[in-house]
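A.B. asks: Dropping the structure in here first, questions after.
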Amino acid sequence: MREIDIYDLKRMLPDEEHEKPTDEYFLTLAKYIATLPGEMKVLPELPRDVVNRLALNLVAYYQDIVADAGIWRSFVVMCRKLYHHPVPFYQADDNYIDFELNLIDVQFITWYSIESALGFDGLVSPYDADLLRLARKVEQLFRYLYDDVPMPENFGSLRELDLADREQVRDIFKASGWLFWNSYFLRPVSKYAYEPEISDDDELTIDETLTNEQRLRTTFEQPTGPLALYVNEWLQLMVDNKMPRQRKQDKGIHKYYQQFNNATGGKKLAFFGTYAELNAFLSEKMNWGSPAEGNLPQLKDYGNFVVFGNREKGIIIAPEVAQYVSHPDNPCYDTATATAEAHLLLMQPGRCPIDLVKHLFENGYVPDASFPAGNNAHTLLHDNWDFIARLYLCKYYRAD
Numbered sequence: 001m002r003e004i005d006i007y008d009l010k011r012m013l014p015d016e017e018h019e020k021p022t023d024e025y026f027l028t029l030a031k032y033i034a035t036l037p038g039e040m041k042v043l044p045e046l047p048r049d050v051v052n053r054l055a056l057n058l059v060a061y062y063q064d065i066v067a068d069a070g071i072w073r074s075f076v077v078m079c080r081k082l083y084h085h086p087v088p089f090y091q092a093d094d095n096y097i098d099f100e101l102n103l104i105d106v107q108f109i110t111w112y113s114i115e116s117a118l119g120f121d122g123l124v125s126p127y128d129a130d131l132l133r134l135a136r137k138v139e140q141l142f143r144y145l146y147d148d149v150p151m152p153e154n155f156g157s158l159r160e161l162d163l164a165d166r167e168q169v170r171d172i173f174k175a176s177g178w179l180f181w182n183s184y185f186l187r188p189v190s191k192y193a194y195e196p197e198i199s200d201d202d203e204l205t206i207d208e209t210l211t212n213e214q215r216l217r218t219t220f221e222q223p224t225g226p227l228a229l230y231v232n233e234w235l236q237l238m239v240d241n242k243m244p245r246q247r248k249q250d251k252g253i254h255k256y257y258q259q260f261n262n263a264t265g266g267k268k269l270a271f272f273g274t275y276a277e278l279n280a281f282l283s284e285k286m287n288w289g290s291p292a293e294g295n296l297p298q299l300k301d302y303g304n305f306v307v308f309g310n311r312e313k314g315i316i317i318a319p320e321v322a323q324y325v326s327h328p329d330n331p332c333y334d335t336a337t338a339t340a341e342a343h344l345l346l347m348q349p350g351r352c353p354i355d356l357v358k359h360l361f362e363n364g365y366v367p368d369a370s371f372p373a374g375n376n377a378h379t380l381l382h383d384n385w386d387f388i389a390r391l392y393l394c395k396y397y398r399a400d
């Protein structure tokens, strides 16, 4: 596998067209970091391309912090709002300073870079001993260099953005395309969720993104990054420090919700092992009638149904989910299966509607779910289930 070159670095910068004097400094730093796993004899199973990507992401994070480009700052601000602490998984101590260099920040970037490069399969624990050793070494290096590190010169265009200025429309589009597809923090999710077939060497430039209709539409219509935010939400956080608006859609009480509420005596959930049982409930309890092909015939080949009553959406029906749900009314629950597979509710896109996922985890109905890798896997997942869902489900998390 080839060594990191200047084009790898520049593809990640918002001003990739113009070479800056500081580029060579950060390229040298990335190359050095790429040698550390081998020298330290940590993470020996990682392919060279993954190590290179990790080194590039760590250096890009460092540039972001030094230049106060705003990407990492936006993430910390949102984590504080959502979870009341700055970084998922890791505990901040009294020395933690928002938006500056911190050990747990480097640990998170290290984990996120490796996990994304390996395909978002939960193959590496945030608490992996080798990962933590490497992150500490990199943080010490960054801290040693911090007072003398040159100011990255590629982020001036971001600081000059005015999102309300119509004359800056092209600059805003360009910044959006870079942020979504090329920046170190959003790129891992964007690539995995929307262009997994595109190799690193074939990635489009920022200007090519602006002329690619499909890519541009994805940029503005799909959420991305580890918090499943839309690119305009990321930009507003970075440039104007504005929090994303919560969408309020009070459409009144759906008629199917009323039927479900009456059929269950006010219970939020109902469980059915077979399609025949589900169909009988819909026909007799909810008064949907008895069509020859059955109600919702597309579900005939499935079982283990959970039906969730939602005030505005009516009912949400999830097949092959009941085996994971520990609930007094659920005859389908299986402890062994739940222990082995329940994390998929948070990590497998499309496995379960997000409204039901949130209801189950908010109410403690999936007690056996654990992160697939590492120690403290049960606590890690339950303490961070919403973040895990945002990261792994991405656009499915934001499904309205």
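Numbering-wise, the numbering used here puts 101 at position 101 of the sequence shown, and it's gapless, one number per residue. Beta carbons are placed, not taken as given, at the ideal position from N, Cα and C, and that holds for glycine. This structure is a prediction, so every number in the text was calculated from the model and none was measured.
Can you give me the Cβ contacts of phenylalanine 272 inside the same chain, cut-off strictly under 6 angstroms, excluding the 5 residues immediately before and after it?
C.D. replies: Leu278, Phe305
A.B. asks: Could you tell me the boundaries of the beta strand (DSSP E) in which lysine 316 lies?
C.D. replies: Note that residue 316 is isoleucine in the sequence shown here, rather than lysine. 314 to 318 is the extent of the beta strand (DSSP E) around isoleucine 316.
A.B. asks: Is the number of C-beta pairs between the segment 145 to 163 and the segment 59 to 71 that are closer than 8 angstroms three or more?
C.D. replies: yes
A.B. asks: Use the C-beta contact count for serine 157: other C-beta atoms within 10 angstroms, 16 or more gives buried, fewer gives exposed.
C.D. replies: exposed
A.B. asks: Using only the alpha-carbon positions, how far apart do phenylalanine 228 and valine 149 sit?
C.D. replies: In the sequence as presented, phenylalanine is not what sits at residue 228; that position holds alanine. Their Cα atoms are separated by approximately 32 angstroms.
A.B. asks: Can we say the segment 229 to 248 touches the segment 154 to 172, given the rule of at least three CB pairs closer than 8 angstroms?
C.D. replies: yes
A.B. asks: If you drop the 5 nearest sequence neighbours on each side, which residues of the same chain put their C-beta closer than 8 angstroms to that of proline 319?
C.D. replies: Leu299, Tyr302, Gly303, Asn304, Phe305
A.B. asks: Return the chain-ordered list of same chain residues with a C-beta closer than 8 angstroms to the C-beta of alanine 377, the five sequence neighbours on each side being excluded.
C.D. replies: In the same chain as alanine 377, and ignoring 5 residues on each side of it, the C-beta atoms closer than 8 angstroms to its own belong to Ser125, Ser370, Phe371, in chain order.
A.B. asks: Using a threshold of 8 angstroms, state whether the C-beta atoms of alanine 67 and phenylalanine 155 are closer than that.
C.D. replies: yes
A.B. asks: Pull up the distance between the alpha-carbon of asparagine 375 and that of tyrosine 127, whole angstroms please.
C.D. replies: 7 angstroms
A.B. asks: What residue ranges within the segment 287 to 349 form continuous beta strand (DSSP E) runs of no fewer than 3 residues, ordered along the chain?
C.D. replies: 305 to 310, 314 to 318
A.B. asks: Please report the distance separating the alpha-carbon of glutamine 323 from that of methionine 286.
C.D. replies: C-alpha separation (whole angstroms): 24 angstroms.
A.B. asks: Residues in its own chain within less than 6 angstroms of threonine 339 by CB, not counting five upstream and five downstream?
C.D. replies: Asp368
A.B. asks: Give me the DSSP bridge partner(s) of valine 224.
C.D. replies: A small correction: the amino acid at residue 224 is threonine; valine does not occupy that position in the sequence shown. Note: threonine 224 sits in a beta bridge opposite Leu229.
A.B. asks: Does the contact criterion of 3 or more C-beta pairs under 8 angstroms hold for the segment 103 to 113 versus the segment 20 to 32?
C.D. replies: no
A.B. asks: Any chance you could list the alpha helix (DSSP H) runs of at least 4 consecutive residues sitting entirely within the segment 258 to 290, in chain order?
C.D. replies: 275 to 280
A.B. asks: Measuring alpha carbon to alpha carbon, tell me which residue in Ala30, Thr209, Gly309, Arg390 is nearest serine 176.
C.D. replies: Thr209
A.B. asks: From the DSSP output, in three-state form, read off glutamine 246 for me.
C.D. replies: coil
A.B. asks: Any idea what DSSP makes of lysine 358, helix, strand or coil?
C.D. replies: helix
A.B. asks: With a CB to CB cut of under 7 angstroms and the five nearest residues on each side skipped, what residues in its chain are close to glycine 266?
C.D. replies: none
A.B. asks: Who are the Cβ neighbours of leucine 9 in its own chain at under 7 angstroms, not counting the five residues just before and after it?
C.D. replies: Asp23, Phe26, Leu27, Ala30, Leu56
A.B. asks: Should threonine 110 be labelled buried (16 or more other beta-carbon atoms within 10 Å of its own) or exposed?
C.D. replies: Answer is buried; the Cβ neighbour count reaches 16.
A.B. asks: Inspect the beta-carbon positions of glutamate 309 and asparagine 363 and report whether they are closer than 8 angstroms.
C.D. replies: This sequence places glycine at residue 309; glutamate is not what is there. The answer is no: Cβ separation not under 8 angstroms.
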